[in-house]
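Student:
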Amino acid sequence: MPSADRSPSQPAHDAVVWVHGDCLSPRGPALRWAPGAPAIWVWDDALVEEWRLSLKRLVFIYESLVELPVTIRRGDVAAEVAAFAAEHGATRVLTAGSPSPRFRSIVEEVERAVPVEVLPVEPFLAYGGHLDLSRFAKYWRVAQRHAYGQASLFD
Amino acid sequence: MTRSHATPPADTIPSADAGSPAPLPDRDLRREFADREDLIAYVAALFPAAAARDRHVAPTRGGRAAAEATLAAVDPAAYALTRNTVTGRVTRLGPYLRYGVLSLAEVRDHAINAVRRRGDTSKLVQELAWRDYFARVYARIGDGIWDDREPLKTGHDARSYAAELPDDVRAGTTGLPCMDAFVRDLRETGYLHNHARLWLAAYLVHWRRVRWQAGAAWFLEHLLCGDPASNNLSWQWVASTFGHKPYVFNRENLEQYTEGAYCRTCPLYGRCDFEGTYDELSRRLFRLEPADATRRGREAPERRDRGRRDDRRPR
Numbered sequence: 072m073p074s075a076d077r078s079p080s081q082p083a084h085d086a087v088v089w090v091h092g093d094c095l096s097p098r099g100p101a102l103r104w105a106p107g108a109p110a111i112w113v114w115d116d117a118l119v120e121e122w123r124l125s126l127k128r129l130v131f132i133y134e135s136l137v138e139l140p141v142t143i144r145r146g147d148v149a150a151e152v153a154a155f156a157a158e159h160g161a162t163r164v165l166t167a168g169s170p171s172p173r174f175r176s177i178v179e180e181v182e183r184a185v186p187v188e189v190l191p192v193e194p195f196l197a198y199g200g201h202l203d204l205s206r207f208a209k210y211w212r213v214a215q216r217h218a219y220g221q222a223s224l225f226d
Numbered sequence: 602m603t604r605s606h607a608t609p610p611a612d613t614i615p616s617a618d619a620g621s622p623a624p625l626p627d628r629d630l631r632r633e634f635a636d637r638e639d640l641i642a643y644v645a646a647l648f649p650a651a652a653a654r655d656r657h658v659a660p661t662r663g664g665r666a667a668a669e670a671t672l673a674a675v676d677p678a679a680y681a682l683t684r685n686t687v688t689g690r691v692t693r694l695g696p697y698l699r700y701g702v703l704s705l706a707e708v709r710d711h712a713i714n715a716v717r718r719r720g721d722t723s724k725l726v727q728e729l730a731w732r733d734y735f736a737r738v739y740a741r742i743g744d745g746i747w748d749d750r751e752p753l754k755t756g757h758d759a760r761s762y763a764a765e766l767p768d769d770v771r772a773g774t775t776g777l778p779c780m781d782a783f784v785r786d787l788r789e790t791g792y793l794h795n796h797a798r799l800w801l802a803a804y805l806v807h808w809r810r811v812r813w814q815a816g817a818a819w820f821l822e823h824l825l826c827g828d829p830a831s832n833n834l835s836w837q838w839v840a841s842t843f844g845h846k847p848y849v850f851n852r853e854n855l856e857q858y859t860e861g862a863y864c865r866t867c868p869l870y871g872r873c874d875f876e877g878t879y880d881e882l883s884r885r886l887f888r889l890e891p892a893d894a895t896r897r898g899r900e901a902p903e904r905r906d907r908g909r910r911d912d913r914r915p916r
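If you read the protein sequences in the order shown, they are chains X and Z.
All you need for our numbering is the position in the first sequence, starting with 1, plus 71.
All you need for our numbering is the position in the second sequence, starting with 1, plus 601.
1) Determine the extent of the alpha helix (DSSP H) in which valine 644 of chain Z is found, giving its start and end residues.
2) Residues in its own chain within less than 7 Å of threonine 775 of chain Z by CB, not counting five upstream and five downstream?
3) Against chain X, with Cβ distances strictly below 8 Å, would aspartate 710 of chain Z count as a contact?
4) Please say whether leucine 882 of chain Z and cysteine 779 of chain Z have beta carbons closer to each other than 8 Å?
5) Could you tell me whether any Cβ in chain Z is nearer than 8 Å to the Cβ of alanine 161 of chain X?
6) What are the partner residues of alanine 86 of chain X, as DSSP defines its beta bridges?
7) By the DSSP assignment, the beta strand (DSSP E) with tryptophan 112 of chain X in it spans what residues?
8) Could you tell me how far apart the beta carbons of glycine 816 of chain Z and leucine 766 of chain Z are, in whole angstroms, since I believe they sit closer than 8 Å?
9) For alanine 830 of chain Z, decide whether its Cβ has a neighbour in chain X, counting only Cβ atoms nearer than 8 Å.
10) Is it buried or exposed, alanine 681 of chain Z, if we count other Cβ atoms within 10 angstroms and call 16 or more buried?
11) What residues in its chain sit with their C-beta under 7 Å from that of valine 806 of chain Z, if we drop five residues either side in the sequence?
12) Secondary structure at glutamate 55 of chain X, three-state DSSP: helix, strand or coil?
13) Going by DSSP, what residues sit across from arginine 144 of chain X in a beta bridge?
14) Suppose the cutoff is 6 Å on Cβ atoms and the five residues either side in sequence are ignored; what does the same chain contact list for leucine 725 of chain Z look like?
15) Find out if the Cβ-Cβ distance for the pair valine 784 of chain Z, leucine 126 of chain X is shorter than 8 Å.
16) Quick one: which chain X residues come within Cβ less than 8 Å of histidine 657 of chain Z?
17) Would you say leucine 204 of chain X lies against chain Z (beta-carbon separation less than 8 Å)?
18) Thinking arginine 144 of chain X and glutamate 134 of chain X are a contact (beta carbons under 8 Å), I'd like their distance in whole angstroms, please.
19) What did DSSP end up calling alanine 659 of chain Z once you bin it into helix, strand or coil?
20) Measure the Cβ-Cβ separation of alanine 110 of chain X and valine 130 of chain X and say whether it is below 8 Å.
21) Whose CA, out of Z:Leu834, Z:Thr755, Z:Ala763, Z:Pro649, lies closest to the CA of phenylalanine 207 of chain X?
22) Could you name the residues of the same chain whose beta carbon sits closer than 8 Å to that of methionine 72 of chain X, not counting the 5 residues immediately before and after it, in chain order?
23) Establish whether the CB of tyrosine 198 of chain X and some CB of chain Z are separated by less than 8 Å.
24) Quick check: is the beta carbon of alanine 86 of chain X nearer than 8 Å to any beta carbon in chain Z?
25) Cβ closer than 8 Å: which chain Z residues qualify as neighbours of tryptophan 122 of chain X?
26) Name the DSSP bridge partner or partners of alanine 763 of chain Z?
27) Tell me, to the nearest whole angstrom, how far the beta carbon of arginine 699 of chain Z is from that of aspartate 828 of chain Z; I am working on the premise that it is less than 8 Å.
28) Quick check: what's the CA-CA separation for glutamate 728 of chain Z versus leucine 799 of chain Z?
29) Consult DSSP for alanine 894 of chain Z and reduce its assignment to one of helix, strand or coil.
30) In the DSSP assignment, the alpha helix (DSSP H) including isoleucine 742 of chain Z goes from what residue to what residue?
31) Does the beta carbon of tryptophan 211 of chain X sit closer than 8 Å to a beta carbon anywhere in chain Z?
32) Listed from N- to C-terminal order along the chain, which residues in the stretch 182-196 of chain X have their beta-carbon within a distance smaller than 8 Å of any beta-carbon of chain Z?
33) Give me the chain Z residues within the contact set of arginine 145 of chain X, using Cβ-Cβ distance strictly less than 8 Å, ordered along the chain.
34) For aspartate 93 of chain X, go through chain Z and note every residue whose CB falls closer than 8 Å to its CB, in chain order.
35) Given a cut-off of 8 Å, decide if leucine 889 of chain Z and threonine 661 of chain Z are closer than it, judged by their beta-carbon atoms.
36) If you follow the alpha helix (DSSP H) that valine 716 of chain Z is part of, which residue opens it and which one closes it?
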């Protein structure tokens with residue numbers, strides 16, 4: 072997987088966008104970098120059943136999707152994303168970053184067919200240094216100096 | 602990474618109209634609906650197993666427009682003062698944050714612009730930071746969020762906790778009016794106030810001796826904002842596998858932060874499972890070594906209202 076800490080490698084005319092459940096915003100990095108590019112959402116049937124997602128959660132997601140310029144399909148996510156890229160003659164897939172391990176495994180699988188560029192969502196902390204994650208208090212001792220964006224309380 | 606490097610011009614933000622797909626092949630699912638009922642019926646038909654389990658649909662609407670309306674109503678100062686009470690001015694942004702309809706940074710920036718005194722945002726920013734923190738832990742440990750991060754601090758063998766959610770809890774028929782009401786809200790609306798989540802989680806793990814994983818999976822079925830990182834790591838905090846002590850509450854705490862909504866008319870008032878001081882409840886629920894008991898005893902005054910610990914909890 073390419074580094075998530077950068078913008079796309081080139082203009083997006085040869086790309087499709089994969090929209091997933093950790094970034095359903097029209098302002099998400101992939102949709103913003105590739106306006107007008109074909110975009111796809113794939114319902115992950117296996118995940119819906121494995122996690123027994125309730126109808127109310129599924130409706131909430133669907134309502135979010137219809138406000139986005141995406142083609143909506145279902146099935147095996149990686150296979151569908153790769154097939155969508157092939158349909159559009161795309162040479163790469165753009166998508167927003169996610170901490171989910173399932174996301175990482177899907178990206179790896181798509182990459183067997185077509186390269187994937189993972190674009191970072193705007194970070195909450197304006198800080199790229201070390202953070203102790205063993206307890207929130209330790210994280211916050213450092214993070215609070217960087218949590219107010221451009222307008223730090225502590226500057 | 603730098604923000605300016607990664608942000609394209611604002612006029613490139615697409616809308617649903619801008620990229621409308623051409624005529625759809627059969628495998629494409631519908632995007633146009635007459636109204637919400639039409640959409641709900643379609644989603645229920647797409648996912649018949651989910652619809653068969655539970656047909657409730659939340660009043661909370663998905664989508665960026667609804668997210669922005671919810672964000673516009675956020676009052677950071679009122680949030681800081683009232684959020685621990687179930688009728689408090691909580692943000693209701695959870696579902697939009699969970700699916701990235703809004704980013705943490707967007708909400709933070711909005712909050713800073715919405716207040717006159719920047720200090721009024723500090724509680725809200727800290728709660729947003731909890732989500733950032735949990736996401737970072739998730740990025741590091743992945744599916745490890747389903748495993749105990751640390752040993753339990755309850756004195757009980759981890760194997761003594763039941764693996765499955767009890768039927769009466771799932772059905773909301775425990776006979777405890779508060780807990781049954783929380784279960785009903787969870788199933789019917791996909792939302793529970795953060796304090797109610799903590800009470801229900803503590804009841805399940807400590808009073809019913811059920812593994813936190815069973816409760817975490819159950820919440821993820823129903824909560825619109827159910828994100829594995831925040832959800833599971835908060836359950837672990839309650840259980841004491843991601844924190845120094847188990848989280849418990851008593852009737853007094855629940856009564857205070859629900860403004861008596863359940864206790865006032867409760868037939869079990871004065872004799873329910875949650876009666877007692879925190880020390881009494883700890884002795885009843887946990888099997889602690891004498892050294893632990895002594896330490897806890899010394900700490901008792903400041904632990905009297907364990908609800909205070911909720912000041913550190915995300916919502």
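Just so it is clear, CB atoms sit at the ideal spot from N, CA and C, and this is done for glycine as well.
Tutor: Looking at the coordinates:
1) For the purposes of this step, residue 644 of chain Z is taken as residue 43 along the second sequence, with counting starting at 1. Here the alpha helix (DSSP H) through valine 644 of chain Z covers 637-647.
2) Residue 775 of chain Z sits at position 174 when you count from the first residue of the second sequence. Result list for threonine 775 of chain Z: Asp769, Asp781, in chain order.
3) Locating residue 710 of chain Z in the second sequence gives position 109, where the first residue counts as 1. By this cut-off, aspartate 710 of chain Z is an interface position.
4) On the second sequence, residue 779 of chain Z is found 178 positions in, with the first residue counted as 1. On the second sequence, residue 882 of chain Z is found 281 positions in, with the first residue counted as 1. Taking 8 Å as the Cβ cut-off, cysteine 779 of chain Z and leucine 882 of chain Z do not qualify as a contacting pair.
5) On the first sequence, position 90 is the one that residue 161 of chain X refers to. It does not; no Cβ of chain Z falls within 8 Å.
6) Your numbering for residue 86 of chain X matches position 15 in the first sequence. According to DSSP, alanine 86 of chain X bridges with X:Arg163.
7) Position 41 of the first sequence, counted from the start, is the residue given in the question as residue 112 of chain X. Note, tryptophan 112 of chain X: beta strand (DSSP E), 110-115.
8) Position 215 of the second sequence, counting from 1, holds the residue named residue 816 of chain Z. Position 165 of the second sequence, counting from 1, holds the residue named residue 766 of chain Z. That belief holds up - the Cβ atoms of glycine 816 of chain Z and leucine 766 of chain Z are roughly 7 Å apart, short of 8 Å.
9) In the second sequence, counting from the first residue as 1, residue 830 of chain Z sits at position 229. It does; some Cβ of chain X falls within 8 Å.
10) Your numbering for residue 681 of chain Z matches position 80 in the second sequence. Answer is buried; the Cβ neighbour count reaches 16.
11) Start at 1 with the first residue of the second sequence, and residue 806 of chain Z comes out as number 205. The answer, listed in chain order, is Trp813, Gly816, Val839, Ala840.
12) Because chain X in this structure spans residues 72 to 226, residue 55 of chain X falls outside the shown range and cannot be described.
13) Here residue 144 of chain X refers to the residue found at position 73 of the first sequence. In the DSSP output, where bridge partners are listed per residue, arginine 144 of chain X has X:Val113.
14) In the second sequence, residue 725 of chain Z corresponds to position 124, counting from 1. Excluding positions up to five away in sequence, the list reads Pro677, Tyr680, Ala712.
15) Counted from its first residue, the second sequence places residue 784 of chain Z at position 183. Counted from its first residue, the first sequence places residue 126 of chain X at position 55. No. Outside cutoff.
16) Walking along the second sequence from the start, residue 657 of chain Z turns up at place 56. Within 8 Å Cβ-Cβ: Ser125, Leu126, Lys127.
17) By one-based count along the first sequence, residue 204 of chain X stands at place 133. Yes, leucine 204 of chain X lies at the interface with chain Z (some Cβ there is under 8 Å from its Cβ).
18) In the first sequence, residue 144 of chain X corresponds to position 73, counting from 1. In the first sequence, residue 134 of chain X corresponds to position 63, counting from 1. 17 Å between Cβ atoms; not a contact.
19) Looking up residue 659 of chain Z in the second sequence gives position 58. Coil.
20) For the purposes of this step, residue 110 of chain X is taken as residue 39 along the first sequence, with counting starting at 1. For the purposes of this step, residue 130 of chain X is taken as residue 59 along the first sequence, with counting starting at 1. Contact: no.
21) Walking along the first sequence from the start, residue 207 of chain X turns up at place 136. The option with the nearest alpha carbon to phenylalanine 207 of chain X is Z:Leu834.
22) As a position in the first sequence, residue 72 of chain X is number 1, starting the count at 1. At methionine 72 of chain X, the pLDDT of 41 sits below 50, so the modelled position is not reliable; the number obtained from the coordinates is stated separately. Same-chain partners within the cutoff: Arg175, Val178, Glu179, Glu182, Val187, Val189.
23) Locating residue 198 of chain X in the first sequence gives position 127, where the first residue counts as 1. Not an interface residue.
24) Translated into the one-based positions of the first sequence, residue 86 of chain X becomes position 15. Not closer than 8 Å to any Cβ of chain Z, the Cβ of alanine 86 of chain X fails to qualify, so no.
25) Within the first sequence, residue 122 of chain X is the residue found at index 51, counting from 1. Those within 8 Å of tryptophan 122 of chain X in chain Z are Ala818, Leu821, Glu822.
26) For the purposes of this step, residue 763 of chain Z is identified with residue 162 of the second sequence, where counting begins at 1. Paired residues: Z:Val811.
27) Taking the second sequence and counting its residues from 1, the one referred to as residue 699 of chain Z is at position 98. Taking the second sequence and counting its residues from 1, the one referred to as residue 828 of chain Z is at position 227. So it is a contact: roughly 4 Å between Cβ atoms.
28) Sequence index remark: in the second sequence, residue 728 of chain Z carries index 127 (1-based). Sequence index remark: in the second sequence, residue 799 of chain Z carries index 198 (1-based). In a straight line, the C-alpha of glutamate 728 of chain Z is about 15 Å away from that of leucine 799 of chain Z.
29) The residue you call residue 894 of chain Z lines up with position 293 of the second sequence. For alanine 894 of chain Z, the pLDDT reaches just 48, beneath the cut-off of 50, and the residue's location in the model is therefore unreliable, although a value from the coordinates is still provided. Three-state result, alanine 894 of chain Z: helix.
30) Counting from 1 along the second sequence, the entry for residue 742 of chain Z is found at position 141. Start and end: 723-742.
31) Along the first sequence, one-based indexing puts residue 211 of chain X at 140. Yes, its Cβ sits closer than 8 Å to a Cβ of chain Z.
32) Using a CB distance below 8 Å, the part of the stretch 182-196 of chain X facing chain Z consists of Leu190, Pro191, Val192, Glu193, Pro194, Phe195, Leu196, ordered along the chain.
33) As a first step, residue 145 of chain X is located in the first sequence; it is residue number 74 there, counting from the start. The contacting residues are Leu630, Leu647.
34) For the purposes of this step, residue 93 of chain X is identified with residue 22 of the first sequence, where counting begins at 1. Neighbours of aspartate 93 of chain X in chain Z, taken as residues at a C-beta separation under 8 Å, are given in chain order as Tyr700, Gly701.
35) Your numbering for residue 661 of chain Z matches position 60 in the second sequence. Your numbering for residue 889 of chain Z matches position 288 in the second sequence. Not a contact, by the Cβ cut-off of 8 Å.
36) Along the second sequence, one-based indexing puts residue 716 of chain Z at 115. Segment: none, valine 716 of chain Z is in no alpha helix (DSSP H) and carries neither H nor E.
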